[in-house]
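Heads up, the thing below is written out as structure tokens.
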Amino acid sequence: MSKKAIVIGGGTAGMETASQLARLGIEVDLIEKQSRLGGHLNSWDRLFPNRRDSKEVLEYLEQGLSDGISLHLNAEIEDIHKNEDGFSVAFRDGKALHSDALVIATGYEVFDARKKEEYGYGIYDNVITSVELEEFFRNNKQKNLFEGIKSRRVGIVHCVGSRDEKSGNLYCSKLCCVTGVKQAIEIKELMPDAEIFCLYMDLRMFDRHFEEMYYEAQEKWGIQFIRGRLSEAAENTDHTILIKLEDTLTGLPLKMRVDLLILLVGFVPSPETRRLAKMLGLKEGDDRFLCPADEHTITNSTMIPGVFLAGTVKGPAGIASTITDARATALQVANYLK
Amino acid sequence: MSDLYNKLFEDVRFREGLKACLNCGTCTAICPAAEFYDYQPRRILDILQTKDDSQIEELLKSNTIWYCGECMSCVTRCPRGNAPGLLIQALRSLSQELGYFTESEKGRQQLAIKRTIGKWILEYGYCLFPSEIMPDMHPEQGPIWEWEHKNIEAVMNRLGANYKGTGPGILRKIPDEALDEIYRIFEVTGGISRFEKIEEFSRKKAMEMGMSMEDETNQDYMKFIYTADSGDHTRKHEN
Amino acid sequence: MKSFGYKISEDRQIDFDANDREVTGFINAVEPSIRLCMGCGSCTATCSAGHFTDFNIRRVHTFMQRGEIHQLKKEIMKCMLCGKCQLVCPRGVNLRNLILSIHTALEKSGI
Amino acid sequence: MKIEGKQRIWMDYQKEIADDHFFYVRSCVRQNFFPGSEKTFLRILQSELQKDIYENPSHTTCSGIGYHTDIVPFETSMTMVARQFALMTEAGYENLATSCITSFGLYSEVLETWHHFPETEEKTREFLRRATGREFKKPNNVSHASDIIFKFRKEIAEKGKYRLVNKLTGQPLRIVEHIGCHYSKMFPSKGVGGAEYPYVLIGMIEEWGGEVIDYPERRHCCGFGFRQYLVRANRGFSVSCSKKKFESMEPYKPDMILTNCPGCPMFLDRWQYTISEMEGKTYGENGQGIPVLTYEELSGLVLGYNPWDLGLQVHQVPIEPLLDKIGIPCDPEMKFRGADGQDLGEPESPSYMKFYSEKS
């Protein structure tokens, strides 16, 4: 009798784990609470560092979904039980599934920028998040953003909801920096006369080709970087935004009017990730992301036999490393089911 | 060995106010003192984090620690839960304990505050009392204050105060037993000793500067510290 | 006007919108490499003039980019144009030309 | 601007405000400069709202100004605060109502310190015992007087005779609200609406018919800065801060400024005069300045109290233009008179900021 696995979450990590498991001959149920697969990939327009279309990655992931995978969309989990012969998953609509192994791939959600009250998101008209900017790009509506604006000065704020005790998140979301630089270049491509300022504490260009993007942003596009964290934003009479920060390289407070303020929102574990963790008794770290059995060596299993983790349930990660991680998880599941 | 740092660490406000600074500048960005003085709250944390006594001593003797207005705007914004305003309070306390405050123009002003606010607390039971707020010392209070001050009893009476009266009410006379209690509180908790230190170190400084401050009628030093402004506090410089 | 014994001061903030950035524009055009600064401070660390004065070439660069022109005039006179900064700059910024261009720009605009 | 965004934040900061039985502690600054405000606060609570609010004649300053000028050690201030608690406990009260914002901040700071460093509470109890023989219970509720007016803003509106509406145009009055820094910047959860968009004054303005102005320097300190005003050599800092606020609010053409701290209204009032004398610059309409009111004064106006009972005559910026807009009558003859109607003369006229009688 062939073994079965349930993969919860149909985003990048879940799709890739499912497809690899199927290739290893394991029967997979892929559970997604929304009406389509892809998760956050559906929100991004072009991906850093090479700015390829995110749809291409999604197509790749979809191609991997073979016959061995039963897809369950709009499926909301009610309860999970571990018993002697595996896991029973009950759904809100009364259905139930059974499996020998469980993969948690319910990922993250972006930080709710409204919590950073002093930035005025959800209050001031011209304060938006990096995710919203992607949506504008994706729907080809970015021109609407700058209608009627003459000088087009844009501020891009790093570390919104990350490295911030007040937001409850001490960790670095690590991908916001490169997102900010990518978006700065994209705005500049669109409006060559725009003045763009990235407001940062340090630029964490950790991955391949990231630092080069930063270089390109400065050299080719004239993007300016001010080392200082945004302290507050306020609205002027003409609905432009007045921002205040310390220009820490001169040691002076600085104020500046911008037409548009973009907040680079970080990662937080998705509510579903936390709900399932609680249901299963999985360990959360200080950062509320889930803990694998060992942070260096046993990175895809948990302390509960048969329960595995894939992707951003374990913390902020980009698409390439999420896919790599999903493959490692699939291998661990297969070994477990042998 | 870091004596001064250890002394600062005894102050709960210091322990509460200094976690770990990541030099983001959100404090300096909105600090009113940073807007008008050569001052950055961020630098204060930077220096304290070194635990280097020679730098701390320099700070305790400088104008720098006296620029802050203690509005605590920095506290709201710090992403690491530091409170630069509380650190300033700890530094100022230590600077007065050790007599370092007389080494700077802004620090020396403590005597003027002790001889007004400090005196009034013990005398009136409140930090201020209208008959003491002299229009010639406070021209910015405007003609309205001049008028009010001239007619203080009648105006306070008109506005429903119990001016210097017994029983409850606005600007009442605080009963002597209550004033005795607050004096004893000041004695027991180190308030009087703080006042005495401010006097003592200031007297030394006045002598050193060749000025008199023996009593309240002979106040060259008082006048000097109340008005002295080198004009060197506002320039843009240094990181 | 009455005197009260104290002055109303202008604030020290860098008021970006109030600053005249014509000089900034000119220098960025004649010496594009200055865009590449990443604020590392290698230049200041090695600066000959900086060892003996409070000259900080990294800060001069930042002031220039912010349009804080009045900060520059006095500062740039301290540079000896030895060029050590340029040798150590990890981004290959032509700092000598930064100083020279500031001279030219200030002369041009009569500051 | 999307008001829903602010409303969402306000929902997150719903602090508890006691309903009745208050132990009142007065403010050093308010007694000196706005005695009519404290009088009015008690009048509203006692006569309009039938609340029990008690004042012990032996209570004193919390020493807040001394504390924030650093001449008073923290241990001393904690014990001063403890003595107020002791008087409250002895009188059988559990809800503290403070007139001063810095007091409110200091009470909060002391309670938080005792919470995080319990040994400091023990030490304070010992100090108080040694100095006075008194014991105390910590209050159940600490509210600033503006919290209490906020809580009863609807009742005040119901009893009110006036709305904050321009009688001639029918438009709401445009009002700047200024919150004292020590109200919630240290402890956002202790303030109605939090630290970034405090709701305590906005709630009153909205309820009484006015319109709130949000302007870029809204969160900026008035510039008191304790030692920064108290020593003449530093006063330039203080006035410069206020000027920054005036310049920022000016384009929005405010009809008035509403405040909850005792110090801010005095500074925002007097610095307008000072700036006019130093630079010839006046804010507001017709060179008459922007009137600055305390929340007690404004509630008193809404309730139809005589402006001269509220103490509006001791403002340097004339408030008559505001009274005219709302349609509140006042007797100019009685403005500068004593309790029995005796003539107290008139203050001199400033050089630039026009007195009401001088309107062009």
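Respectively, the protein sequence lines represent chains R, E, S and V. Numbering of the first sequence is given in the numbering used here, commencing with residue 1174 and proceeding in unit increments. Numbering of the second sequence is given in the numbering used here, commencing with residue 758 and proceeding in unit increments. Numbering of the third sequence is given in the numbering used here, commencing with residue 7 and proceeding in unit increments. Numbering of the fourth sequence is given in the numbering used here, commencing with residue 158 and proceeding in unit increments. Even for Gly, the Cβ is constructed at its ideal location relative to N, Cα and C. Since this is a predicted model, take the numbers as computed values, not measurements.
Within the same chain, show all residues whose beta-carbon is closer than 8 Å to that of residue i, passing over the 5 residues directly before and after it, in chain order.
i, result
"V459 of chain V", "I313, A314, G317, K318, Y319, R320, L321, W365"
"P1478 of chain R", "Y1509"
By a C-beta neighbour count over all protein chains shown, 10 Å radius and 16 as the cutoff for buried, is residue i buried or exposed?
i, result
"Y1233 of chain R", "exposed"
"P408 of chain V", "exposed"
"T1410 of chain R", "exposed"
"S517 of chain V", "For S517 of chain V, the predicted structure reports a pLDDT of 42, less than 50, and the residue's modelled location is therefore unreliable. A value from the coordinates is still provided. The residue in question, S517 of chain V, is exposed, as its Cβ has fewer than 16 Cβ neighbours within 10 Å."
"M894 of chain E", "exposed"
"C88 of chain S", "exposed"
"D1226 of chain R", "exposed"
"S265 of chain V", "buried"
"C379 of chain V", "buried"
"Y354 of chain V", "buried"
Say whether chain E places a C-beta atom closer than 8 Å to the C-beta of residue i.
i, result
"C378 of chain V", "yes"
"G502 of chain V", "yes"
"P355 of chain V", "no"
"G56 of chain S", "no"
"D1285 of chain R", "no"
"G73 of chain S", "no"
"F10 of chain S", "yes"
"T1302 of chain R", "no"
Answer yes or no: does any C-beta atom of chain V fall closer than 8 Å to that of residue i?
i, result
"D17 of chain S", "yes"
"I20 of chain S", "no"
"M7 of chain S", "yes"
"H994 of chain E", "Any answer about H994 of chain E is weak, because its pLDDT of 47 lies below 50 and its placement is not dependable; what the coordinates show is given next. Not one chain V Cβ lies under 8 Å of H994 of chain E."
"N1409 of chain R", "yes"
"T873 of chain E", "yes"
"D893 of chain E", "no"
"I33 of chain S", "no"
"I1296 of chain R", "yes"
Leaving out five residues before and five after residue i in sequence, what residues of the same chain have Cβ atoms less than 6 Å from its Cβ?
i, result
"W1394 of chain R", "I1358, K1361"
"H906 of chain E", "P892"
"W428 of chain V", "V396, S399"
"R1500 of chain R", "Q1193"
Between residue i and chain S, is any beta-carbon pair separated by less than 8 Å?
i, result
"P1465 of chain R", "no"
"K516 of chain V", "Low confidence applies to K516 of chain V: its pLDDT is 47, below 50, so where it sits in the model is not reliable enough to give any reading."
"T991 of chain E", "yes"
"A390 of chain V", "yes"
"E434 of chain V", "yes"
Residue range of the alpha helix (DSSP H) that residue i falls in?
i, result
"L358 of chain V", "357-364"
"F1264 of chain R", "Note, F1264 of chain R: premise wrong, no alpha helix (DSSP H); beta strand (DSSP E) at 1259-1264."
"E1307 of chain R", "1303-1311"
"V1480 of chain R", "Premise fails: V1480 of chain R lies in the beta strand (DSSP E), 1480-1482, not in any alpha helix (DSSP H)."
"S303 of chain V", "302-308"
"P192 of chain V", "192-200"
"G899 of chain E", "899-907"
Under 7 Å Cβ to Cβ from residue i, same chain only, skipping five residues before and after it: list those, please.
i, result
"H67 of chain S", "I40, C43, L104"
"E434 of chain V", "P507, S508, Y509"
"N996 of chain E", "Residue placement at N996 of chain E is flagged as unreliable, the pLDDT there being 36, under the threshold of 50; a coordinate-derived value is accordingly withheld."
Give a yes or no on whether the minimum CB-CB distance between residue i and chain R is below 8 Å.
i, result
"D26 of chain S", "no"
"D227 of chain V", "no"
"T68 of chain S", "yes"
Task: Meets three-Cβ-pair contact criterion under 8 Å: the segment 175-194 of chain V and the segment 93-108 of chain S - done: The segment 175-194 of chain V is not in contact with the segment 93-108 of chain S.
TODO: Indicate whether the contact test is met: 3 or more Cβ pairs, each with one atom in the segment 885-894 of chain E and one in the segment 8-16 of chain S, closer than 8 Å.
DONE: With the cut-off at 8 Å, the segment 885-894 of chain E and the segment 8-16 of chain S do not touch.
Task: Contact between the segment 1250-1257 of chain R and the segment 1331-1350 of chain R (3+ Cβ pairs under 8 Å) - done: They do not touch, by the three-pair rule.
TODO: Say whether the segment 948-962 of chain E touches the segment 837-848 of chain E, bearing in mind that this needs 3 or more beta-carbon pairs closer than 8 Å, one atom from each stretch.
DONE: Per the Cβ contact rule, the segment 948-962 of chain E is not in contact with the segment 837-848 of chain E (fewer than 3 Cβ pairs under 8 Å).
Open item on the list: If contact is defined by three or more beta carbon pairs under 8 Å, each pair taking one atom from either stretch, is the segment 1235-1252 of chain R in contact with the segment 1196-1212 of chain R?
Closed with: Contact between the segment 1196-1212 of chain R and the segment 1235-1252 of chain R is present: three or more C-beta pairs spanning the two stretches fall below 8 Å.
Open item on the list: Would you call the segment 248-262 of chain V in contact with the segment 176-195 of chain V, where contact means no fewer than 3 C-beta pairs closer than 8 Å?
Closed with: For the pair of segments examined, the segment 248-262 of chain V was found to touch the segment 176-195 of chain V: the number of CB pairs separated by less than 8 Å reaches three.
Task: Validate contact between the segment 465-483 of chain V and the segment 407-427 of chain V using beta carbons, cut 8 Å, 3 pairs - done: They touch, by the three-pair rule.
Task: Meets three-Cβ-pair contact criterion under 8 Å: the segment 1380-1390 of chain R and the segment 1399-1409 of chain R - done: Touching, no, given that fewer than three Cβ pairs across the two stretches are closer than 8 Å.
TODO: Decide yes or no for the touch test of the segment 281-298 of chain V against the segment 333-345 of chain V: beta carbon pairs closer than 8 Å, at least 3 of them.
DONE: Contact fails: fewer than three Cβ-Cβ distances are below 8 Å.
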